[in-house]
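In what follows, a structure is listed as structure tokens, so that the remarks can point back to it.
There are 2 protein chains.
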Amino acid sequence: MGKAKRICLLLLRLLASGSTVSAAIVMATSREEARFFTLSFEAKYTHTPSFKYFVIANAVASVYGFLVLFLPAESLLWRLVLCFDVIMTMLLTSSIAAALAVAQIGKNGNSYAGWLPICDQVPNYCSQVTGALAMGLLGLLVYLLLLLYSLHSLLDPLLLKKP
Amino acid sequence: MGKAKRICLLLLRLLASGSTVSAAIVMATSREEARFFTLSFEAKYTHTPSFKYFVIANAVASVYGFLVLFLPAESLLWRLVLCFDVIMTMLLTSSIAAALAVAQIGKNGNSYAGWLPICDQVPNYCSQVTGALAMGLLGLLVYLLLLLYSLHSLLDPLLLKKP
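Chain order of the listed sequences is E and F. 1 is the number of the first residue of the first sequence in this note's numbering; add one for each residue after it. 164 is the number of the first residue of the second sequence in this note's numbering; add one for each residue after it.
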């Protein structure tokens, strides 16, 4: 593998790790207190299981991403990395999907189930969660790119190379 | 590849397609009408965007799964199948995660956001959704198995074979 290509791949991994770290931090620091007449309530990520899962999944992916950065280029472990990439991409996909599903209810509510939207009461909390989801999505996209690139260079599925 | 192994893999694919088909059908046919004093309301999968996405994702995965069953063993397209397997597994993962997140709110509610559980009002609807999620989960597990098996036979990541 060329040196330029390797540096490019490492930079992509760095970007992925950076995105997942910031997604976890932004989500974990999101909180806002709202006052509704005499009633005061607090919006926090720990109140929603899906958001807790999002933070955990992104933290796990970040630790993994940083560990992979220090793997020497000649290591045989790179074969295992592809399998772990698949698992991490699944983990990030599920966490983002779950958090998005709950955030969608938080934003629009669900009139059939009688769930009211809460974003009008806690707008800062909502925008911080949106930011965390965007960062998580960026991390996921980079992982997906890395994964499809690995598969492409392994398999040549589009049969571009001459046999 | 041995004939027994090929039949085993095809049976796994058949199982995966069967699971995703039944997950889509069970979710799509789930509906229940509930009466709450004079108020009557209907629970249906189309009322929840995540459940709609679940049905669509499982339907897409089913069509793909059945198409792959008819691919001849010598086809060069099998290389492309691995990439599509990755994408389908992502699709199923995200749909199940989103549907699970909403189903969890439907079952337990979220007291902080003021969202009440609805499963006491529509128990049959809830158990049907649970069944659909279980079938979807089975399909996802089989796809994950197929994917990790493909990667294993391609890469030998655990270095079991002698070089």
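Beta carbons are placed, not taken as given, at the ideal position from N, Cα and C, and that holds for glycine.
Tell me, to the nearest whole angstrom, how far the beta carbon of residue i is from that of residue j; I am working on the premise that it is less than 8 Å.
i: residue 310(F); j: residue 86(E); result: 7 Å
i: residue 265(F); j: residue 213(F); result: 4 Å
i: residue 308(F); j: residue 175(F); result: 7 Å
i: residue 194(F); j: residue 275(F); result: Incorrect: roughly 29 Å between the Cβ atoms, too far for contact.
i: residue 55(E); j: residue 28(E); result: 5 Å
Are the CB atoms of residue i and residue j nearer to each other than 8 Å?
i: residue 82(E); j: residue 301(F); result: no
i: residue 180(F); j: residue 225(F); result: yes
i: residue 98(E); j: residue 295(F); result: no
Hey, is residue i's beta-carbon within less than 8 Å of any beta-carbon in chain F?
i: residue 20(E); result: no
i: residue 31(E); result: no
i: residue 128(E); result: no
i: residue 79(E); result: yes
i: residue 94(E); result: yes
i: residue 67(E); result: no
i: residue 97(E); result: yes
i: residue 137(E); result: no
i: residue 154(E); result: yes
i: residue 151(E); result: yes
Just how far apart, CA to CA, sit residue i and residue j?
i: residue 128(E); j: residue 104(E); result: 14 Å
i: residue 281(F); j: residue 317(F); result: 47 Å
i: residue 19(E); j: residue 96(E); result: 13 Å
i: residue 299(F); j: residue 263(F); result: 11 Å
i: residue 23(E); j: residue 15(E); result: 12 Å
i: residue 326(F); j: residue 42(E); result: With a pLDDT of 47 at residue 326(F), under the threshold of 50, the predicted position of this residue should be treated as unreliable, though the coordinate-derived value follows. Rounded to whole angstroms, residue 326(F) to residue 42(E) spans 59 Å at the Cα level.
i: residue 272(F); j: residue 252(F); result: 29 Å
i: residue 9(E); j: residue 91(E); result: 21 Å
i: residue 130(E); j: residue 44(E); result: 14 Å
i: residue 25(E); j: residue 53(E); result: 13 Å
i: residue 115(E); j: residue 277(F); result: 7 Å
i: residue 233(F); j: residue 283(F); result: 45 Å
i: residue 106(E); j: residue 58(E); result: 21 Å
i: residue 257(F); j: residue 64(E); result: 21 Å
i: residue 240(F); j: residue 167(F); result: 21 Å
i: residue 46(E); j: residue 21(E); result: 18 Å
i: residue 297(F); j: residue 242(F); result: 30 Å
i: residue 68(E); j: residue 7(E); result: 13 Å
i: residue 236(F); j: residue 73(E); result: 35 Å
i: residue 303(F); j: residue 48(E); result: 25 Å
Could one say the Cβ of residue i lies closer than 8 Å to chain E's Cβ atoms, at least one of them?
i: residue 251(F); result: no
i: residue 213(F); result: yes
i: residue 246(F); result: yes
i: residue 233(F); result: no
i: residue 222(F); result: no
i: residue 304(F); result: no
i: residue 308(F); result: no
i: residue 172(F); result: no
i: residue 311(F); result: yes
i: residue 169(F); result: no
Can residue i be considered in contact with the ligand ZN, in the sense that its beta carbon sits closer than 7 Å to one or more heavy atoms?
i: residue 252(F); result: Ligands in the displayed structure: none, and consequently the ligand ZN is not present.
Within 8 Å of chain F by C-beta, residues of the region 99-128 of chain E in sequence order: 99, 100, 101, 102, 104, 105, 106, 110, 112, 113, 114, 115, 116, 118
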